[in-house]
Amino acid sequence: MRTFFKILAAMVFGLSAVTSNAFADDPEAWAIMEKVDTREDGDRSMVDMRMILINKQGKERIRSIRSFGIDRGEDHLSLMFFLAPADVSGTGFLTYDYEGGDNDDDQWLFLPALNKTKRIAAGDKSGSFMGSDFSYADLTTRRVEDYKYSFNEQQREVTVHGHKAWVINATPKDEKVAGETGYKRSIVFVRQDNFVVIRAIYFPTNGSTTKYYDVRKLEQIEGVWTGTEIHMTTKKGKRTVHKTILSFNNVKYNQDSVNEDLFSIRRLEKGP
Amino acid sequence: MTWIHKSFEGWFIRMASLVCRHKYWSLMLMLGLTFALAAQLPKTTIDTRDESFFYKDDPALVSYNNFRDQFGTDDAFIITLRPKKGLDRRFFTFLSLLHHELEAKVPYLDEISSLVNARLVRAEGDTLVVEDLLADLPKSAAGTARILELIDHYPMYDKLLISEDRSLVSIMIRAQAIRELPESELLAGFDDAMIDTRKDSEKYLSNSESTEITKAIKEVLDRYRDEEIEIFFSGTPAVIAELQASIEKDLRTLVPLAALLILTFLALLFRRVSGVVYPTLVVFLSLFSTLGFMALVNIPITMLTQMLPSFLLIVGVGDSVHIMTIFYRIYRKTGDKESAIVDAVGFAGLPVLMTSLTTSCGLMSFVWADVASVAQLGYVAPLGVMLAFLYTVILLPALICIFPVKPGIPVPEHEIPVADRIFSWIARLTTHRPFLVTGISSLLVLVAIFSASSVRFSHNGLTWFPHDSDIRTSTRLMDTVNGGSVMLEVLIDTGKDNSLHDPNVLKSFAKASTEVPKIELHGIRAAKAWSLADVVKETNRALHEDRNEAYTIPESRQLIAQELVLFEASGSDDLEDFTDMSYRTGRMSILAPFEDAILYKDYADELRDYFGQKFPGAEITLTGKIPLFVKLIKNIITSMAKSYVFALLVITILMIFMVGRVKIGLMSMIANVVPIIGVLGLMGLKGIPLDLSTMLVGSLILGLVVDDTIHFLHHFRRAFDQTGELETAVRMTLYSTGRALVITSMVLCGGYFIYLLAYLESNVRFGLLTGCAVLFALAADFFLVPALLTITYRKKAPIGGE
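Read top to bottom, the protein sequences are chains B and Z. Under this note's numbering, the first residue of the first sequence is numbered 1, with each subsequent residue one higher. Under this note's numbering, the first residue of the second sequence is numbered 1001, with each subsequent residue one higher.
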């Protein structure tokens, strides 16, 4: 399964179940990323999320979201509801993230003020997700073989939050992948003891910004390593232009109430 | 004064003797200094950005930088296409290919916008489609018709991506505002407290990147030249890049011409190799040192400092000429070149120092300017003048002592009858009819003042280019057909988060979009104004089956908020261009024509009032290029006032000190102010405005022309003491100093009239005015000064004459 936060933690670099080392630049780096991908990441999840958006003046905007996630074969389904602020409370977001093939993902948004559900057909995924520093692409699956991996030339390993981590460069194999995700390359930091990506630096294809992904709190919940506080900071040069903090509460896996019936338009329109 | 003269003379003699005793060391010292400074030359930069005119703490620049930090660059390179056969399938294919090639080839790209990727928010059954207009190229006439229909359906495209008459289609290219961090510093980016300590010059893109972008765009455009489609290139960043290319072009023309003028002048004057080679070496080495110093302290070549090379060559050569003239005279008599150069430096050292000081004072008056690049000129130019002096009194004697110098044939010193007849006539006229001469001068001054009253302040970077230059033609086309090419940005800070969800606030934005283009002042009228309201209206229409009557702001704040979530969820990051994302501050972008900044001022004030009324209680900030230009005009005016007052005050004090009498000192200043009034009158007559380049003329010329008056007064005083007769004293002065003044004025004039061959109109105007000022100053020294001296001295002495 890939819950919202799980995707964030594990898919940061775009990893999927389909792996092959045929494209690896550095077999050792590849092997590490493969282990990241095959790590147990839980299923049928339920989580309360706080999304804190901080602008460059340090002003905060808080959104509360309840999120559900389930795996259906290789596909991933997710359902999210805004709980706050009041203006958007009840607004729901349902996503069918299809693995492989050329199928565009399906997305529906329910607007309570209009009492209407709209399917969204968006061209690329590089835009901001709900005004946060995460792009929609950050939240969806990317194929591991779409990238080339190598150890960072400057530092092969570093200590992050007291744990040793490998520093690996990930570069899209072609412009199509870069165009879809909006990143021309990224640098990932993989914890050596549990293969969790705990940090990453993204380089958007356009613009002079750099994005810093940082797992500040990592907990083992029901045997699954779960990032419970994740920061994504967008910087121009050294200056922070915007930042998003995601914190997760009431993280639960393997919930019986989280089944495929939940991920329907009818359920979307019913609200949280 | 005699005591001061004597002690200075003694000091200069001692110094020159020291140089001659240690000639090799002196040569090594000056060459060492030159190499040390000239080694910095590769670091020389050119800066033609509008930001270069501002101090880093100028509120207008701070506000502009804050805006850029938040939203990125406001202005764009604009490529305009005019398809001769209209918007057909071939054209859309052409546009798409060009768009994608530019996207791939242009460096430092932040955003490229055209009809190809124009945002399309539409309904398709229950699906909301957000896509690019030309995601799929039309394959048939029906497909083309559908595209044209969609273009009509989106008012946002009008005047921005396509002209209202559909004759022009634009591609806008926005560069990154801020440079990326070097790789070595990337890992430190996780530190929350990390502060960007880079200087603005390192943080924001500079001219060299702008030039790279321009070059890349032009290379792509060259490959897309098409008989059926005309291509134009404009936009403020393009103007800046073009300015840099033009400055380089002018430097390549003007510096060799100035060198040629110097060589010719020296050859004619001295008629021997040493008389040409040594002074030329002196001026060029001092110029290299000055430019090296500029590079060392990171002062770039700007619209202002670009005049330095030819200016320093022309002014610097005068120092050598004074000393060499006296040196040759003594050398011919004594045959001892070492004692000749020591005596020459001793004799001419003080006058050369004084003239260097007065010239420096005129230039130093720029130090207090509110225009940063003018102030830079105020630091560097006096240093250049004083370096030229230093090289003259150290390097020149060392060169003469070390290398061979032939005494040569004596320069014929017989009188030139024609010139002397004219000088005699002037002496007679000015001493016998002083009131008539003063009266006519006063009348001319009055006429000049009247004409000068029509001179206005101006800042319009486009008028620096020739009228038929590509950049002016393209900008005119954009302004006439599309209605604008420059951005004015209005930030409306409501003071409260989520205020932009309020239907009334958004309606005010929507209303402003239609009302702002109706405001007209001094012929300036915005082509278009747009904001978040346009996005909401588009989304709302798409949510209501694309019905045009739904192209409105919803009445419920919840619906607005949810529509914005929908828009965000559709993957577009366009909202970042319109708000600060806490929905507290809204941005309204206004496209206006490229006009003179002096006209923008009232227009910007009118807009500020308008938005103040429209959004009571909100904090309104006007930024973007237009408010920068408005502030620049204000800075030009205050800079000019400060510079003129300082130059007049300090040079008057220097004059009084050097002449030794308050009354004569003040009187001589009248003669020195007249050329400046004359220049202002000429500007009025020719319709030349006071702008960044012409504002320099007054203080610069004051520092130069005052030298002639000093020479004139010194000789007059000596001649008057000898003869006790006014006409004889004036005639003697004209015979000796007058001739020298004519020669130096000719060189100065030549040096400035060289600018008439420049490519940039601003340089042409600068050269014309400065050259004329030198002529006016010569006329004032020949006519007005003797007449005023006669009026002052007539009670004490007979007019006399032969």
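The beta carbon of each residue, even a glycine, is placed where N, CA and C say it ideally should be.
### Task
Return the first residue and the last residue of the beta strand (DSSP E) that B/GLY227 is part of.
As a first step, residue 227 of chain B is located in the first sequence; it is residue number 227 there, counting from the start. Element bounds for B/GLY227: 224-236.
### Message
Taking the beta carbon of Z/PHE1450 as the centre, do at least 16 other beta carbons fall within 10 Å, making it buried, or is it exposed?
### Response
Working through the second sequence from its first residue, we reach residue 1450 of chain Z at position 450. Residue environment: Z/PHE1450 is assigned as exposed (fewer than 16 neighbouring CB atoms within 10 Å of its CB, all protein chains considered).
### Message
Tell me which residues of the segment 1164-1180 of chain Z have at least one Cβ-Cβ distance to chain B shorter than 8 Å, keeping chain order.
### Response
Taking 8 Å as the cut-off between beta carbons, the residues of the segment 1164-1180 of chain Z near chain B are GLN1176, ALA1177, ILE1178, ARG1179, GLU1180, in sequence order.
### Message
Threshold first: 3 residues or longer. Then list the beta strand (DSSP E) segments lying entirely within the segment 1539-1602 of chain Z, N to C.
### Response
As far as the segment 1539-1602 of chain Z is concerned, its whole beta strand (DSSP E) runs of at least 3 residues are 1585-1592.
### Query
Within the 8 Å Cβ cut-off, does Z/MET1194 reach chain B?
Within the second sequence, residue 1194 of chain Z is the residue found at index 194, counting from 1. Since pLDDT at Z/MET1194 reaches only 48, below the 50 mark, its modelled position is unreliable, and no value is offered.
### Task
Scan the segment 59-73 of chain B for residues whose Cβ lies nearer than 9 Å to a Cβ of chain Z and list them as they occur along the chain.
Within the segment 59-73 of chain B, the residues whose Cβ lies closer than 9 Å to some Cβ of chain Z are LYS59, GLU60, ARG61, listed in chain order.
### Query
Apart from the five residues on each side of it in sequence, which residues of its chain come closer than 7 Å, Cβ to Cβ, to B/PHE23?
Taking the first sequence and counting its residues from 1, one reaches residue 23 of chain B at position 23. Only weak support exists for where B/PHE23 lies, its pLDDT of 42 falling under 50; the value from the coordinates is given anyway. Excluding positions up to five away in sequence, the list reads GLU145, LYS148, LYS173.
#### Entry: Coarse secondary structure for Z/GLY1750, derived from DSSP in three states
Reading the second sequence from its first residue, position 750 is the one you call residue 1750 of chain Z. Correct three-state label for Z/GLY1750: helix.
### Query
CA-CA distance, Z/ARG1089 and Z/ALA1142?
One-based indexing of the second sequence puts residue 1089 of chain Z at position 89. One-based indexing of the second sequence puts residue 1142 of chain Z at position 142. If you take the alpha carbons of Z/ARG1089 and Z/ALA1142, they lie about 10 Å apart.
### Residues bridged to B/HIS242 [DSSP beta-bridge criterion]
On the first sequence, residue 242 of chain B is found 242 positions in, with the first residue counted as 1. Answer is B/ASN55, B/THR234, bridged to B/HIS242.
### Task
Take Z/GLY1687 as the anchor and find which of Z/ARG1765, Z/GLY1660, Z/LEU1031 has the nearest alpha-carbon.
By one-based count along the second sequence, residue 1687 of chain Z stands at place 687. Taking only the C-alpha atoms, the option nearest Z/GLY1687 is Z/ARG1765.
### Message
Out of Z/ALA1597, Z/ILE1598, Z/SER1114, Z/LEU1622, which one is the CA nearest neighbour of Z/ASP1609?
### Response
Locating residue 1609 of chain Z in the second sequence gives position 609, counting from the first residue. Nearest to Z/ASP1609 by alpha-carbon distance, out of Z/ALA1597, Z/ILE1598, Z/SER1114, Z/LEU1622, is Z/LEU1622.
### Task
Identify the continuous beta strand (DSSP E) that holds B/ASP97 and give its terminal residues.
By one-based count along the first sequence, residue 97 of chain B stands at place 97. That run of the beta strand (DSSP E) goes 92-97.
### Query
Run through DSSP, which three-state label would B/ILE198 get?
Along the first sequence, one-based indexing puts residue 198 of chain B at 198. In the three-state DSSP reduction, B/ILE198 falls in the strand class (E or B).
### Query
Among Z/THR1080, Z/LEU1654, Z/THR1044, Z/MET1640, which residue has its Cα nearest to the Cα of Z/GLY1378?
As a first step, residue 1378 of chain Z is located in the second sequence; it is residue number 378 there, counting from the start. Of the listed residues, the one whose Cα sits closest to Z/GLY1378 is Z/MET1640.
### Task
May I ask you to report which of helix, strand or coil DSSP gives Z/PRO1786?
Indexing the second sequence from 1 puts residue 1786 of chain Z at position 786. Under the three-state reduction of DSSP output, Z/PRO1786 falls in the helix class.
### Query
Taking three-plus beta-carbon pairs below 8 Å as touching, is the segment 1507-1514 of chain Z in contact with the segment 1275-1284 of chain Z?
Fewer than three beta-carbon pairs drawn from the segment 1507-1514 of chain Z and the segment 1275-1284 of chain Z are found closer than 8 Å, and the two stretches are therefore not classed as touching.
### Query
Based on Cα-Cα distance, which residue from Z/PHE1611, Z/LEU1097, Z/THR1737, Z/LYS1537 lies nearest to Z/GLU1555?
Walking along the second sequence from the start, residue 1555 of chain Z turns up at place 555. The shortest C-alpha separation from Z/GLU1555 is found at Z/LYS1537.
### Task
Starting from B/GLN220, trace the alpha helix (DSSP H) both ways and give me its first and last residue.
The sequence position of residue 220 of chain B within the first sequence is 220, counting from 1. Careful: B/GLN220 lies outside any alpha helix (DSSP H), inside the beta strand (DSSP E) at 209-221.
### Task
Starting from B/SER132, trace the alpha helix (DSSP H) both ways and give me its first and last residue.
Taking the first sequence and counting its residues from 1, the one referred to as residue 132 of chain B is at position 132. Per DSSP, B/SER132 belongs to no alpha helix (DSSP H) and is neither H nor E.
### Message
Please identify the residue among Z/SER1356, Z/PHE1347, Z/LEU1120, Z/PRO1138 whose C-alpha is closest to the C-alpha of Z/ASP1132.
### Response
On the second sequence, position 132 is the one that residue 1132 of chain Z refers to. Among Z/SER1356, Z/PHE1347, Z/LEU1120, Z/PRO1138, the Cα nearest to that of Z/ASP1132 belongs to Z/LEU1120.
### Query
According to DSSP, is B/THR159 helix, strand or coil?
In the first sequence, counting from the first residue as 1, residue 159 of chain B sits at position 159. If DSSP states are grouped into helix, strand and coil, B/THR159 belongs with the strands.
### Task
Classify Z/PHE1716 as helix, strand or coil using the three-state DSSP reduction.
What you label residue 1716 of chain Z is simply residue 716 of the second sequence in a count that begins at 1. Under the three-state reduction of DSSP output, Z/PHE1716 falls in the helix class.
### Message
One question on the structure: do Z/TYR1755 and Z/GLY1698 come within less than 8 Å of each other, judged by their Cβ atoms?
### Response
The residue given as residue 1755 of chain Z occupies position 755 in the second sequence. The residue given as residue 1698 of chain Z occupies position 698 in the second sequence. Their beta carbons are not under 8 Å apart, which means Z/TYR1755 does not touch Z/GLY1698 by this criterion.
### Task
Take every Cβ of the segment 1033-1050 of chain Z, pair it with every Cβ of the segment 1295-1302 of chain Z, and state whether three or more of those distances are shorter than 8 Å.
Yes, since at least three Cβ pairs between the segment 1033-1050 of chain Z and the segment 1295-1302 of chain Z fall closer than 8 Å, the two stretches touch.
### Task
Could you pull out every residue in the same chain whose Cβ sits closer than 6 Å to the Cβ of Z/THR1790, ignoring the five residues on either side in sequence?
Here the question's residue 1790 of chain Z lines up with position 790 in the second sequence. Same-chain partners within the cutoff: THR1431, PRO1434, LEU1726.
### Task
Determine, using beta carbons only, whether B/GLY162 comes closer than 8 Å to chain Z.
Residue mapping note: residue 162 of chain B aligns to position 162 of the first sequence, counting from 1. Among the residues facing chain Z, B/GLY162 is not included, as its CB has no counterpart in that chain under 8 Å away.
### Beta-carbon contacts of B/THR209 that lie in its chain and below 8 Å, excluding the five residues immediately before and after
For this step, residue 209 of chain B is matched to residue 209 along the first sequence. Excluding sequence neighbours, B/THR209 sits near THR234, LYS235, LYS236, VAL241.
### Task
Could you have a look at Z/ASP1502 and say whether DSSP puts it in helix, strand or coil?
By 1-based counting over the second sequence, the position of residue 1502 of chain Z is 502. Note: Z/ASP1502 maps to coil in three-state DSSP.
### Task
Using the Cα positions of Z/ALA1398 and Z/TYR1759, report the straight-line distance between them to the nearest angstrom.
For the purposes of this step, residue 1398 of chain Z is taken as the residue at position 398 of the second sequence. For the purposes of this step, residue 1759 of chain Z is taken as the residue at position 759 of the second sequence. One C-alpha to the other measures close to 39 Å.
#### Entry: Listed by chain order, chain B residues near Z/THR1127 by CB distance under 8 Å
For the purposes of this step, residue 1127 of chain Z is taken as residue 127 along the second sequence, with counting starting at 1. Below the 8 Å Cβ cutoff, chain B contributes LYS118, ARG119, ILE120, ALA121 as neighbours of Z/THR1127, in chain order.
### Message
Quick check on the burial criterion: 16 or more other C-beta atoms within 10 angstroms. Buried or exposed for B/GLU60?
### Response
Residue 60 of chain B sits at position 60 when you count from the first residue of the first sequence. Here B/GLU60 is exposed, its C-beta having fewer than 16 other C-beta atoms within 10 Å.
### Query
Just checking my contact of Z/SER1373 with Z/LEU1304 at CB under 8 Å: how many whole Å lie between their CB atoms?
Reading the second sequence from its first residue, position 373 is the one you call residue 1373 of chain Z. Reading the second sequence from its first residue, position 304 is the one you call residue 1304 of chain Z. Right, their Cβ atoms sit about 5 Å apart.
### Message
Rounded to the nearest angstrom, what separates Z/MET1194 and Z/LEU1187 at their Cα positions?
### Response
Here residue 1194 of chain Z refers to the residue found at position 194 of the second sequence. Here residue 1187 of chain Z refers to the residue found at position 187 of the second sequence. In this prediction, Z/MET1194 scores a pLDDT of 48, lower than 50, which makes its location untrustworthy; the coordinate-derived value is nonetheless stated afterwards. Going from the Cα of Z/MET1194 to the Cα of Z/LEU1187 covers about 11 Å.
#### Entry: Segment contact, 8 Å Cβ cut-off, at least three pairs: the segment 1377-1391 of chain Z with the segment 1284-1291 of chain Z
Touching, yes.
### Message
Once the 5 residues before and after B/THR205 are set aside, which same chain residues still bring their CB inside 8 Å of it?
### Response
Start at 1 with the first residue of the first sequence, and residue 205 of chain B comes out as number 205. Within the same chain, B/THR205 has close Cβ partners SER126, ALA178, GLY179, GLY182, TYR183, LYS184.
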